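For reference, the structure is listed below as structure tokens.
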Amino acid sequence: MFAELLQNVRTSHPLVHSITNRVTINDCANVLLACGASPIMADDPGEAADVTAGCDALTLNLGTLDQRRIPAMLAAGRRANELGHPVVLDPVGAGASPLRTETALRLLREGKPTAVRGNMSEIRALARAGGGAHGVDADRADRVTEETLDRAAEFVRQFAARAGVIASVTGPIDLVSDGVRVFCIRNGHPMMGLVTGTGCQLSVLTAAFLAANPDRPLEAAAGAVCALGLCGELAHGRLTGPEGSGTYRVYLMDAVSRLTPEQLEKGANYEVR
Amino acid sequence: MFAELLQNVRTSHPLVHSITNRVTINDCANVLLACGASPIMADDPGEAADVTAGCDALTLNLGTLDQRRIPAMLAAGRRANELGHPVVLDPVGAGASPLRTETALRLLREGKPTAVRGNMSEIRALARAGGGAHGVDADRADRVTEETLDRAAEFVRQFAARAGVIASVTGPIDLVSDGVRVFCIRNGHPMMGLVTGTGCQLSVLTAAFLAANPDRPLEAAAGAVCALGLCGELAHGRLTGPEGSGTYRVYLMDAVSRLTPEQLEKGANYEVR
Amino acid sequence: MFAELLQNVRTSHPLVHSITNRVTINDCANVLLACGASPIMADDPGEAADVTAGCDALTLNLGTLDQRRIPAMLAAGRRANELGHPVVLDPVGAGASPLRTETALRLLREGKPTAVRGNMSEIRALARAGGGAHGVDADRADRVTEETLDRAAEFVRQFAARAGVIASVTGPIDLVSDGVRVFCIRNGHPMMGLVTGTGCQLSVLTAAFLAANPDRPLEAAAGAVCALGLCGELAHGRLTGPEGSGTYRVYLMDAVSRLTPEQLEKGANYEVR
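Chains as they are written, first to last, in my numbering: chain A, 158 to 430; chain B, 158 to 430; chain C, 158 to 430.
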């Protein structure tokens, strides 16, 4: 199944509009090109909705939040909703400040995202509308491991059902749910945490997969998670000698640009609950 | 001829002020250092013109357009004009929204650029003040190929003549014209399209070449196109095994930093019409 | 001594809040992850102080200065001061425009930085509240060499004493002083100047070292300088064949991510005056 999802991205070349943070904006553009999609970044309120109208999907990412981008996010979200384009919300740093959490909640409410992609700390912050994130990485206590998997999967399923979204929650084990089923995904490698923005990259990949596979949003979101996680494994497998996080970041992009549908089909490591 | 153009960049170390987009700003700074120039990025209206005054050239790039940068672009452009510094306009995404197109036209009119560097879709959008760009990449219909070359070269020549600029239009075949002659350049590699910002990099390189070669602006702009295109070929020649777009991006920067005047002289692939 | 300083960063995982420029923001995040710290970038005045409150250190970097970030820098600085967090000021481009110089002086006065990290041109601009920087790199006349070392070391010592900060001034020879002692550091490699943002990376590393070593701020700041300089040497030692500035940048990040306390202890090349 996942082979076809990736193939559809590679053949349909979805154009993804991202209103996104300043830290990882370049990586997000490059990963979209690497997967076969095309990027456009436009976040001035004077053109955001116009640009969205010419695209196939929209990503709203809250990193390096700037209040002046919020009207652009809302306008672009409305236009995407009108046109039936998938919208992915990445609530980076939800919980790190009241402004960040409130903006994430507002976009969840008014942006009507198709999918929300974050780490467990961020999703918990949205669920309880509060709490504290440790930077933009997940709190250790929030990490999903084999021991906490059952409870975490049920939490993600319920969050997805209540919010009416695909919830895509990443960590040592990734959980993707539409409120009914839950994909538990064991792809990925800890070194991905040594490179900033792998989460942001996943969010734009998710938008590309959703745009190219409109009839299977849950599978598309899970496929994006498996794809980037598998690339994280392949990148780690190439590391030798003195290579560290700088080279790993390059290899990760290489892997996305060369991932074949067959590799993804074979390497995707998941179970559905 | 091109050997000398590059040598002049390497020996005169031009300082290039760029008011530019958030996606590729880091690549633009690094490519300037790689070619022997120095970068400074300053786009607050409170200092843009002051910074321009201490530089040798100016680049105005419309990617991730922010309306609050427009006064900075106009003020810096005016100062550069007063001082006789070359100005390069990169109308990223012209055609993607009315705001983007109108701003590009205003900067073309008021910024008095020495050169305009864009893809064919963007230049067409300026020429007809409308139309639709597919993201920030050229529409397929706008790609310059051997079949469409004669017509495209004449279009670019006329655009340059009417706008009173050097037009530098990049694609599978690149066209650079001062309104009289047209350089048709066949350097480059399709993989450059898998890395975001190679166009932006070319725009700042063009500014560096113009600053270092003030008496031959057409040749300088064409030399920059040949130089980056040749580096794109050299980078591709190094790719092996599992290397993909991540590694290609690194190799491209390597090639710029190591390109010799002799390599450029020998590798430049162009005809003048 | 330096072994322990780095070890403390690796074990305490300080969370560093950076209000920083758009050119090197991604490198700053990645170098923090590489050294064992965690990054968060938040510069909206509506959340900057809140985010600071949850962090261990703060970096204020003036590159691509935006006047709307100044209130965020001041508010975050005040909060960091109240909480006793180390604050590092990087006066990028001080001297390049009146706005840049005045803002740097205001942050030096009101932000009460623990350390100021810049090149000699920038520090001189702060010392004399004027003068001209050549871009964001140091003027040649300001380069610290063996010939000018005595005078430069005394200048840096006096600057530190008067400003009440750790002054960390980088160049061919680096000088770090608390107003009493001066560390003269001979680590580093000229190729670091071919990659944009190595200074910015050093500033966030300095913040991480200060946070992890609160009782020894002078040694912490000097340790960060030695660490990145040593990584610059290690990265250069790996270069072969056609590799240039693109690969060097990757190797530099690799080296930070793999630097061991023992390597730093052995490789740190300094004298104390």
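Beta carbons are placed, not taken as given, at the ideal position from N, Cα and C, and that holds for glycine. Predicted model only: the values in this text are computed from it and were never measured.
- Task: Using a cut-off of 9 Å between C-beta atoms, extract the partners of C:Val407 located in chain B.
- Result: Locating residue 407 of chain C in the third sequence gives position 250, counting from the first residue. Ordered by position in chain B, the residues that pass the 9 Å Cβ test against C:Val407 are Val407.
- State the DSSP-derived secondary structure class of A:Gly275, mapped to helix, strand or coil. Start at 1 with the first residue of the first sequence, and residue 275 of chain A comes out as number 118. Looking at A:Gly275 - three-state DSSP - the assignment turns out to be strand.
- In chain C, which residues lie with their C-beta within 8 Å of the C-beta of A:Val413? Along the first sequence, read from residue 1 onward, the residue named residue 413 of chain A stands at position 256. Within chain C, not a single residue places a beta-carbon under 8 Å from that of A:Val413; the smallest gap is close to 17 Å.
- Query: What three-state label does DSSP hand A:Glu267 in the structure shown?
  - Reply: Your numbering for residue 267 of chain A matches position 110 in the first sequence. Helix.
- Mind checking which residues open and close the alpha helix (DSSP H) that includes C:Thr216? Taking the first residue of the third sequence as position 1, residue 216 of chain C is located at position 59. In the DSSP assignment, C:Thr216 falls outside any alpha helix (DSSP H) and within the unbroken beta strand (DSSP E) covering Ala214 to Asn218.
- Listed from N- to C-terminal order along the chain, which residues in the region 188-210 of chain A have their beta-carbon within a distance smaller than 7 Å of any beta-carbon of chain B? Of all residues in the region 188-210 of chain A, Leu190, Ala191, Ser195, Pro196, Ile197, Met198, Ala199, Asp200, Asp201, Gly203, Glu204, Asp207 and Val208 have a Cβ within less than 7 Å of some Cβ in chain B.
- Query: With burial defined as no fewer than 16 other Cβ atoms inside 10 Å of the residue's Cβ, what is the status of A:Ala251: buried or exposed?
  - Reply: The residue given as residue 251 of chain A occupies position 94 in the first sequence. Burial call: buried.
- Item | B:Gly288, DSSP secondary structure in three states | Reading the second sequence from its first residue, position 131 is the one you call residue 288 of chain B. Because B:Gly288 carries a pLDDT of 39, less than 50, the predicted location of this residue cannot be relied on, and the following value inherits that uncertainty. Here B:Gly288 sits in coil by DSSP.
- Which runs of the alpha helix (DSSP H) spanning at least 4 residues fall entirely within the region 325-404 of chain A, listed in chain order? Counting only runs of 4+ residues, the alpha helix (DSSP H) found wholly inside the region 325-404 of chain A occupies 355-369 and 374-395, in chain order.
- Message: Judging by CA-CA distance, which residue of B:Gln164, B:Asn183, B:Leu189 and B:Asn165 is the nearest neighbour of B:Leu362?
- Response: Taking the second sequence and counting its residues from 1, the one referred to as residue 362 of chain B is at position 205. For B:Leu362, the nearest C-alpha among the options comes from B:Leu189.
- Given a threshold of 16 other Cβ atoms within 10 Å of its Cβ, counted over all protein chains shown, does A:Asp331 qualify as buried or as exposed? In the first sequence, residue 331 of chain A corresponds to position 174, counting from 1. With 16 or more other Cβ atoms from the protein chains shown falling within 10 Å of its own Cβ, A:Asp331 counts as buried.
- Task: State the Cα-Cα distance for the pair C:Ala272 and B:Leu409, rounded to the nearest angstrom.
- Result: Along the third sequence, read from residue 1 onward, the residue named residue 272 of chain C stands at position 115. Along the second sequence, read from residue 1 onward, the residue named residue 409 of chain B stands at position 252. Going by the C-alpha atoms only, they are around 37 Å apart.
- First through last residue of the alpha helix (DSSP H) which encompasses A:Met230: Here residue 230 of chain A is taken as the residue at index 73 of the first sequence, counted from 1. Membership of A:Met230 in the alpha helix (DSSP H) is indicated by the continuous run Ile227 to Leu240.
- Task: Could you spell out the range, first to last residue, of the alpha helix (DSSP H) harbouring C:Pro418?
- Result: Walking along the third sequence from the start, residue 418 of chain C turns up at place 261. Start and end: Pro418 to Gly424.
- Query: According to the neighbour-count rule (16 or more other Cβ atoms, all chains shown, within 10 Å of its Cβ), is C:Asp372 buried or exposed?
  - Reply: Counting from one through the third sequence, the residue named residue 372 of chain C turns up at place 215. Looking at its Cβ environment, which holds fewer than 16 other Cβ atoms inside 10 Å, C:Asp372 is exposed.
- Task: Can you grab the Cα-Cα spacing for the pair B:Pro270 / B:Ser175, in whole Å?
- Result: By 1-based counting over the second sequence, the position of residue 270 of chain B is 113. By 1-based counting over the second sequence, the position of residue 175 of chain B is 18. If I take the Cα positions, the gap works out to 13 Å.
- Message: For a contact defined as C-beta to C-beta under 9 Å, what are the partners of A:Asn183 on chain C?
- Response: Looking up residue 183 of chain A in the first sequence gives position 26. Result: Asn183.
- Message: What would DSSP say about B:Ser195, mapped onto helix, strand or coil?
- Response: As a working note, residue 195 of chain B is residue 38 in the second sequence. Secondary structure of B:Ser195 (DSSP, three-state): strand.
- Query: Hey, would you say B:Asn370 sits closer than 7 Å to B:Asn165, going by beta carbons?
  - Reply: Numbered from its first residue, the second sequence carries residue 370 of chain B at position 213. Numbered from its first residue, the second sequence carries residue 165 of chain B at position 8. The answer is yes: Cβ separation under 7 Å.
- Task: Out of A:Tyr427, A:Ser414 and A:His346, state which residue places its alpha-carbon closest to the alpha-carbon of A:Gly328.
- Result: Residue mapping note: residue 328 of chain A aligns to position 171 of the first sequence, counting from 1. It is A:His346.
- Item | Nearest to C:Leu217 (by Cα), restricted to the options C:Arg226, C:Gly211 and C:Ala210 | Along the third sequence, one-based indexing puts residue 217 of chain C at 60. With distances taken between Cα atoms, C:Leu217 lies closest to C:Arg226.
- Message: Between C:Gly403 and chain B, is any beta-carbon pair separated by less than 7 Å?
- Response: The residue you call residue 403 of chain C lines up with position 246 of the third sequence. Taking 7 Å as the threshold, the shortest C-beta distance from C:Gly403 to chain B falls below it.
- Identity of the residue in B:Val413, B:Thr168, B:Ala324 and B:Cys185 nearest B:Ala384 by Cα: Counting from 1 along the second sequence, the entry for residue 384 of chain B is found at position 227. It is B:Val413 whose Cα lies nearest to the Cα of B:Ala384.
- C-alpha distance - A:Leu256 paired with C:Arg235, whole-angstrom precision: Taking the first residue of the first sequence as 1, we reach residue 256 of chain A at position 99. Taking the first residue of the third sequence as 1, we reach residue 235 of chain C at position 78. One Cα belongs to A:Leu256, the other to C:Arg235, and the distance between them is close to 19 Å.
- What's the gap between the Cα of B:Ala379 and the Cα of B:Leu163? The residue labelled residue 379 of chain B in the question sits at position 222 within the second sequence. The residue labelled residue 163 of chain B in the question sits at position 6 within the second sequence. Looking at the two C-alpha atoms, the distance is approximately 11 Å.
- Message: Could you give the first and the last residue of the continuous alpha helix (DSSP H) run that contains A:Val322?
- Response: Reading the first sequence from its first residue, position 165 is the one you call residue 322 of chain A. From DSSP, A:Val322 is part of no alpha helix (DSSP H); its letter is neither H nor E.
- Item | Members of the region 348-377 of chain C that neighbour chain B once the beta carbon cut-off is set at 8 Å | Those would be Gly350, Leu351, Val352, Thr353 and Gly354, in chain order.
- Item | Test: C:Ala145 CB closer than 7 Å to a CB of chain A | Within the shown structure, residues of chain C are numbered from 158 to 430, placing residue 145 of chain C beyond reach of any answer.
- Query: Do the CB positions of C:Ala233 and C:Leu246 come within less than 7 Å of each other?
  - Reply: Taking the first residue of the third sequence as position 1, residue 233 of chain C is located at position 76. Taking the first residue of the third sequence as position 1, residue 246 of chain C is located at position 89. Not closer than 7 Å, so no.
- Message: Going by C-alpha to C-alpha distance, which of B:Pro196, B:Val429 and B:Ala282 sits closest to B:Asp307?
- Response: As a first step, residue 307 of chain B must be located in the second sequence, where it is residue number 150. Per the Cα distances, B:Val429.
- Item | Proximity of B:Thr181 and B:Gly401 at Cβ, strictly below 7 Å | By one-based count along the second sequence, residue 181 of chain B stands at place 24. By one-based count along the second sequence, residue 401 of chain B stands at place 244. Against a cut-off of 7 Å, the Cβ pair of B:Gly401 and B:Thr181 comes out as no contact.
- Query: In angstroms, rounded to a whole number, what distance separates the CA positions of C:Ala425 and C:Leu387?
  - Reply: Against the third sequence, residue 425 of chain C aligns to sequence position 268. Against the third sequence, residue 387 of chain C aligns to sequence position 230. For C:Ala425 and C:Leu387, the distance between alpha carbons rounds to 7 Å.
- Return the chain-ordered list of same chain residues with a C-beta closer than 8 Å to the C-beta of A:Glu422, the five sequence neighbours on each side being excluded. Sequence index remark: in the first sequence, residue 422 of chain A carries index 265 (1-based). Hits under 8 Å: Met158, Phe159 and Ala160.
- Message: Under 7 Å, Cβ to Cβ, is there at least one residue of chain B near C:Ser254?
- Response: The residue given as residue 254 of chain C occupies position 97 in the third sequence. At least one chain B Cβ lies under 7 Å of C:Ser254.
- Which chain A residues sit within Cβ distance under 7 Å of C:Ala186? Indexing the third sequence from 1 puts residue 186 of chain C at position 29. Under the 7 Å cutoff, chain A gives Val180 and Thr353.
- Query: If A:Tyr427 sits next to A:Cys341, beta carbons under 8 Å apart, how far is it from one beta carbon to the other, in whole angstroms?
  - Reply: In the first sequence, residue 427 of chain A corresponds to position 270, counting from 1. In the first sequence, residue 341 of chain A corresponds to position 184, counting from 1. Indeed they touch by this definition, with Cβ atoms about 6 Å apart.
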